[in-house]
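Written below as structure tokens is the structure these notes are about.
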Amino acid sequence: MQKPWMRDTVLPPTVFSFDNSLKPYPYDPEKAKSLLAEAGYPDGLKMKIHTFVEARPCIYRPVDAAQIIKSDLAKVGIDATVEANEWGTHKSIYNNLEHQMGFAGWFDIPYPSNFLNTLLIKGVKGGCKPDKVVDLAQKALSTYDREEQKKYYQQIQKIALEECPVLPIAYSNYTAAIRKNMEGFKLDVLGIALMHDVSLK
């Protein structure tokens, strides 16, 4: 059984223009405490983590993931509570900016604009829509030159890592179980079973 890939950027590693030179922030509770104090919270703070209850393609166990994050936040003085709602309620809270910290995800045809435009330009509720990200995304969509596109998309990934209130957690894999005597079974990029060429030995 494949496990989710741990994250480095907002793009999965199988998507064109993924920048493997970017590294996530290291686990450093003392640095986090220092930054909290610098921001005016020397004694920590209270906050709420909003998540959803249903398993979704982007995250299979959202409540468990939220509880793990809650535990990690406690180590730096953040007293978090988890509020889990059905997807429609969660989406409404998220889209209306009624959350302090919220879960979101995306899966689509593996092309960078599908992810970056949705997660950074349209989807992030709370701060990541600098003009330079919009400008770079438009430049990437306006050229057919793959190297030019790659340059723009990698700049966006760097901005997301350094400036946006986004913390990628993991990239999920699609998994299917089939019989040993089955041949020709495939999953497409959206996880849909393709049965056209299936045969049994």
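Heads up, the sequence shown stops at 220 in my numbering, and the numbers go up one at a time, no gaps. Just so it is clear, CB atoms sit at the ideal spot from N, CA and C, and this is done for glycine as well.
Please identify the residue among 150, 174, 96 whose C-alpha is closest to the C-alpha of residue 131.
As a first step, residue 131 must be located in the sequence shown, where it is residue number 112. Closest option to residue 131, Cα to Cα, is 174.
Could you tell me how far apart the beta carbons of residue 33 and residue 187 are, in whole angstroms, since I believe they sit closer than 8 Å?
Within the sequence shown, numbered from 1, the residue matching residue 33 stands at position 14. Within the sequence shown, numbered from 1, the residue matching residue 187 stands at position 168. That belief does not hold up - the Cβ atoms of residue 33 and residue 187 are roughly 14 Å apart, past 8 Å.
Is the shortest distance between the beta-carbon of residue 150 and the beta-carbons of chain B less than 8 Å?
Of the protein chains in this structure there is only one, and it is not chain B.
Restricting to runs no shorter than 4 residues, where is the alpha helix (DSSP H) found entirely within the stretch 62-126?
81-93, 106-114
Less than 8 Å between the C-beta atoms of residue 172 and residue 53, yes or no?
Here residue 172 is taken as the residue at index 153 of the sequence shown, counted from 1. Here residue 53 is taken as the residue at index 34 of the sequence shown, counted from 1. Going by C-beta atoms, residue 172 is not nearer than 8 Å to residue 53.
Looking at the secondary structure, which residues open and close the alpha helix (DSSP H) in which residue 198 lies?
Along the sequence shown, one-based indexing puts residue 198 at 179. Neither: residue 198 is in no alpha helix (DSSP H) and is coded neither H nor E.
What does DSSP give as the partner residue(s) for residue 219 in the beta ladder?
Mapped onto the sequence shown, residue 219 falls at position 200. Residue 219 is bridged to 201.
Go ahead and pull the three-state DSSP assignment for residue 58.
Indexing the sequence shown from 1 puts residue 58 at position 39. Residue 58 falls in the coil class under three-state DSSP.
Once DSSP output is grouped into helix, strand and coil, what is the label at residue 206?
The residue labelled residue 206 in the question sits at position 187 within the sequence shown. DSSP places residue 206 in strand when its eight states are reduced to three.
Would you decide whether residue 70 is buried or exposed? Buried here means 16 or more other CB atoms lie within 10 Å of its CB.
On the sequence shown, residue 70 is found 51 positions in, with the first residue counted as 1. It counts as buried.
Note down, in chain order, each residue of its chain lying with its Cβ closer than 6 Å to the Cβ of residue 118, except the 5 sequence neighbours on either side.
For the purposes of this step, residue 118 is taken as the residue at position 99 of the sequence shown. Cβ neighbours of residue 118 beyond the five flanking positions: 69, 112.
Would residue 95 and residue 55 qualify as a contact pair, given that the criterion is a beta-carbon distance under 8 Å?
Here residue 95 corresponds to residue number 76 of the sequence shown, with the count starting at 1. Here residue 55 corresponds to residue number 36 of the sequence shown, with the count starting at 1. Against a cut-off of 8 Å, the Cβ pair of residue 55 and residue 95 comes out as a contact.
On the DSSP bridge list, what partners appear for residue 30?
The count along the sequence shown starts at 1 and reaches residue 30 at position 11. DSSP lists no partner for residue 30.
Residues in its own chain within less than 6 Å of residue 98 by CB, not counting five upstream and five downstream?
Within the sequence shown, numbered from 1, the residue matching residue 98 stands at position 79. Correct list, in chain order: 65.
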